[in-house]
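Enquirer: I'd like to ask you about the structure that follows.
There are 2 protein chains.
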Amino acid sequence: MTQPQPLAGTDQATTALAIGIDVGGTKILGVVTGADGVIANRLMAPTPKEPERVPDGIAAVAVELRNRMVADGLEPAAVGVGVPGLVDHEGVLHYGPNVPGVVGLDIAGHLRGRLDLPAVADNDASLAAVAEHRLGAARGYEHAIIVTQGTGIGGGLIVNNALLHGANGFAGEPGHMLIDRFGPRCACGTQGCWEALASGAGLANLARQVIAEGRGARILELAGGDPGHVRGEHIAEALDERDPDALVVIDKFAWWVAQGLASLITLLDPGIVVLGGGLTALSDSFIPDVQDRVVDAVLGGAYRPVVPVVPAEFGAEAGAVGGSLLALDVVAAG
Amino acid sequence: MTQPQPLAGTDQATTALAIGIDVGGTKILGVVTGADGVIANRLMAPTPKEPERVPDGIAAVAVELRNRMVADGLEPAAVGVGVPGLVDHEGVLHYGPNVPGVVGLDIAGHLRGRLDLPAVADNDASLAAVAEHRLGAARGYEHAIIVTQGTGIGGGLIVNNALLHGANGFAGEPGHMLIDRFGPRCACGTQGCWEALASGAGLANLARQVIAEGRGARILELAGGDPGHVRGEHIAEALDERDPDALVVIDKFAWWVAQGLASLITLLDPGIVVLGGGLTALSDSFIPDVQDRVVDAVLGGAYRPVVPVVPAEFGAEAGAVGGSLLALDVVAAG
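These protein sequence lines are chains S and R, in that order.
Mapping of the first sequence onto the numbering used here: residues 704 to 1037, in sequence order.
Mapping of the second sequence onto the numbering used here: residues 704 to 1037, in sequence order.
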């Protein structure tokens, strides 16, 4: 890594670097970027199993990235952290079943105290939306929906060129729209959320349905013979082998992804839909089908422009990059 | 009606009056208001059955209201019209199954030509949202959702104190969120839209289910003995009589209303939800149940502020009043 050389006429904000951190239920991803979103350094660590150790696990990623920067003669300007769940305007997580150690905590304040740096926190998928809107696949769109598909589903809504936070900061949780009210149970406890059908967990649910119908032998084999152990990666592997039953599963999956996107488009009329998160790796296998089916399911589909459905340019790193961008915004705003 | 007397220090925009028109599939409502939303005159006419006569039917309501104003020594400053369906930024209806005579037509231009007045058009429920946000039940809320429940469901989304139009002007059609994907067929042709369960038509669907289970004798009687003839007003009448089966129907209805509102709140995080449209007349019989059930169905319901669900202050006239307010905005903007 070479030290950025300020050009004549550029100011601190142009060359400043920040640390962005995306906290998931199983891993913590940290990146260092400037306002251009180019990742100068990255670090992945497992999320501590004990909830009370999670805040220090997050801080440790930030500290390690700062140490690496200092070794290169650099200093971060700020830290931005994304957490999954309902984050209020002050950055406090009110509801986040995947990261119980962060609930109720001023996580930005915790990082501020540990690093003596400006720090901000927001919902992880909202930060992904910031990255994709400012620098990625939704660049130039006044209205955009970013959906992150991993174990669960997150989302960020760009409205009038800005992230929509809503009254409490909680806006943008499309995974918990009710879409098949008597369908599978969701991790949140409710029955029929979109997340139970169109996330990684939803993909596994659909594979188990196919297995229960007596198909999906190869997927079952890859999962070690136990339907309860089927996960997204087993379906991905079977897809790589062109297993016909995996194609059936991904076809059903694409249909459900399309139904939820149709609801979102009918409600919000975005110019583009960006799909990110861990399932971005599989997007070639389902996005073309999703695109066709959205047109069928959206209100007046034949009478309105087709809304492009595209993969996230920052892939599964969008949330961390967005954290860094938000942190730089805070520094620029003074 | 007395002629408004301009006060010293007030300008034209303060005392100007406009005509607002709400076009439905069965009737056209016109009102005259100032910026205070107080209705100085109103006129209801049936929507012409022949599609090609609808534009003139709309113009006739505007002309008659203007004639009444002129008789009082007044002049309207502008006309604003709301139509159900997908209305673009220029006021052209692209998809509107209930008013085929207006589809593809520049209805504002038609009124401009006929009345020689400034004219604007927007979605009917979006105009209802403008009225409720500016002067009604959502007054003072930065983020609000207005849902109009009549034969179908319409909606208007207030985001950051402004109506959300989206990329094409089509935002805000919550009736066609897919909520019970294998549930009843909607008027739009798709299966499982919220509208098929939580509108006047949805209420009738739920009554027919109860009748099919061998109950609902009084509702069936009020409908002349034919389940196919059951409409919202029969259930309303049975409710007035405290018919226990009508209470079962309204209980199921409240549950479905709550499921859709929960999806909207999870997605948009409004400060308030306002229910308007023709079913406002029944709102006392279902809003308290809706309120309780929304908390159960919304993501993290126990960990976030309760979002009040309230009836529209302008009731079924909100769309027409909003049309007048939008028309006055256009005049004020020059």
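In this text, a Cβ means the ideal position worked out from N, Cα and C, and glycines have one as well.
Every value quoted in this text rests on a predicted model; they were computed, and no experiment measured them.
With 8 angstroms as the threshold, decide whether the Cβ of F873/S is near any Cβ in chain R.
Expert: Yes, contact with chain R.
Enquirer: Note down the Cα distance separating G857/R from Y844/R, rounded to an integer number of angstroms.
Expert: For G857/R and Y844/R, the distance between alpha carbons rounds to 20 angstroms.
Enquirer: Measuring alpha carbon to alpha carbon, tell me which of A907/R, V773/R, M880/R ends up nearest G895/R.
Expert: Minimum Cα distance to G895/R is reached at M880/R.
Enquirer: Do A1015/S and V977/S come within 8 angstroms of each other at the CB atom, strictly closer than that value?
Expert: Cβ distance < 8 angstroms, so V977/S and A1015/S count as in contact.
Enquirer: Return the CA-CA distance between P754/S and N801/S, expressed in angstroms with no decimal places.
Expert: So the two alpha carbons sit approximately 10 angstroms from each other.
Enquirer: Kindly identify the DSSP beta-bridge partner or partners of M747/R.
Expert: Per DSSP, L732/R.
Enquirer: Quick check: the Cα distance between L860/R and M772/R, rounded to an integer number of angstroms?
Expert: Using only the alpha carbons, I get a separation of about 33 angstroms.
Enquirer: For L906/S, count the other beta carbons within 10 Å of its own beta carbon; 16 or more makes it buried, fewer makes it exposed. Which is it?
Expert: By the neighbour-count rule (16 or more Cβ atoms within 10 Å), L906/S is buried.
Enquirer: So, does the segment 925-937 of chain S touch the segment 914-931 of chain R, judging by three or more C-beta pairs under 8 angstroms?
Expert: The segment 925-937 of chain S, when compared against the segment 914-931 of chain R, does not touch it at the 8 angstroms Cβ threshold.
Enquirer: If the cut is a Cβ gap below 9 angstroms, which residues of chain R does E876/S touch?
Expert: Residues of chain R passing the Cβ test: T969, L970, D972, L1002, G1003.
Enquirer: For the beta strand (DSSP E) that H797/S lies in, which residues bound it at each end?
Expert: Run containing H797/S: 796-798, per the beta strand (DSSP E) assignment.
Enquirer: Between V1012/S and V1001/S, is the Cβ-Cβ spacing less than 8 angstroms?
Expert: No, the Cβ-Cβ distance between V1012/S and V1001/S is not below 8 angstroms.
Enquirer: How many Å lie between P887/R and A957/S at the Cα?
Expert: Those two C-alpha atoms are separated by around 22 angstroms.
Enquirer: With a CB to CB cut of under 7 angstroms and the five nearest residues on each side skipped, what residues in its chain are close to L820/R?
Expert: Correct list, in chain order: P779, A781, V782.
Enquirer: Check whether the Cβ of P1011/R lies closer than 8 angstroms to any Cβ atom in chain S.
Expert: For P1011/R, the answer is no, since every Cβ of chain S falls outside 8 angstroms of its Cβ.
Enquirer: To be precise: take each residue of the segment 892-910 of chain S, compare its Cβ to all Cβ atoms of chain R, and keep it if any distance is under 7 angstroms. Which residues remain?
Expert: Those residues of the segment 892-910 of chain S that come within reach of chain R (Cβ to Cβ, closer than 7 angstroms) are T893.
Enquirer: Using the beta-carbon of each residue, which ones in chain S are nearer than 9 angstroms to G859/R?
Expert: Going along chain S, no residue has its Cβ under 9 angstroms from G859/R, so there is no contact; the nearest lies around 11 angstroms.
Enquirer: Any beta-carbon of chain S closer than 8 angstroms to the one on I856/R?
Expert: Closer than 8 angstroms: no.
Enquirer: Report the start-end ranges of each beta strand (DSSP E) in the segment 797-851 of chain R that is 3 residues or longer and not cut off at the edges.
Expert: Counting only runs of 3 or more, we get 822-826.
Enquirer: Quick one: is G980/S buried, meaning 16 or more other Cβ sit within 10 Å of its Cβ, or exposed?
Expert: G980/S comes out buried.
Enquirer: With a threshold of 6 angstroms on Cβ separation, who are the neighbours of P749/R within its own chain once the five nearest residues in sequence on each side are excluded?
Expert: Same-chain partners within the cutoff: K730.
Enquirer: So the candidates are G1004/R, K955/R, P947/R, N863/R; which of them puts its Cα closest to the Cα of A901/R?
Expert: Answer by Cα proximity: K955/R.
Enquirer: Identify the continuous alpha helix (DSSP H) that holds G1022/R and give its terminal residues.
Expert: Note, G1022/R: alpha helix (DSSP H), 1021-1035.
Enquirer: In three-state DSSP terms, what is V933/R?
Expert: Of the three classes helix, strand and coil, the one that applies to V933/R here is coil, per DSSP.
Enquirer: With a threshold of 16 other CB atoms inside 10 Å of the CB of N770/R, please say whether the residue is buried or exposed.
Expert: When all chains shown are included, N770/R counts as exposed.
Enquirer: Closer than 7 angstroms, Cβ to Cβ, to anything on chain S: give me those residues from the segment 764-779 of chain R, in chain order.
Expert: Here the close residues number zero.
Enquirer: At a CB distance below 9 angstroms, what residues from the segment 951-970 of chain R approach chain S? Give them in sequence order.
Expert: Those residues of the segment 951-970 of chain R that come within reach of chain S (Cβ to Cβ, closer than 9 angstroms) are W959, Q962, G963, A965, S966, L967, I968, T969, L970.
Enquirer: Can you tell me which of R1007/R, D791/R, L867/R, T969/R puts its alpha carbon nearest to the alpha carbon of V833/R?
Expert: Of the candidates R1007/R, D791/R, L867/R, T969/R, the one whose C-alpha sits nearest the C-alpha of V833/R is L867/R.
Enquirer: Measuring straight from C-alpha to C-alpha, what distance separates V960/S and A874/S?
Expert: V960/S and A874/S: Cα-Cα distance of roughly 20 angstroms.
Enquirer: Are the beta-carbon atoms of G903/S and T851/S separated by less than 8 angstroms?
Expert: Not a contact, by the Cβ cut-off of 8 angstroms.
Enquirer: Compare the beta carbon distance of G723/R and A1023/R with 8 angstroms and say whether it is the shorter of the two.
Expert: Cβ atoms of G723/R and A1023/R: closer than 8 angstroms.
Enquirer: Look up V1047/R in the DSSP assignment and say whether it is helix, strand or coil.
Expert: Beyond the ends of chain R as shown, which are 704 and 1037, falls residue 1047/R; an answer cannot be given.
Enquirer: DSSP on V1013/S, reduced to helix/strand/coil?
Expert: Correct three-state label for V1013/S: strand.
Enquirer: Among D946/S, L746/S, G799/S, which has the Cα closest to the Cα of A890/S?
Expert: Nearest C-alpha to A890/S: G799/S.
Enquirer: List the endpoints of the continuous beta strand (DSSP E) containing G963/S.
Expert: G963/S -> not in any beta strand (DSSP E); alpha helix (DSSP H) instead, spanning 947-971.
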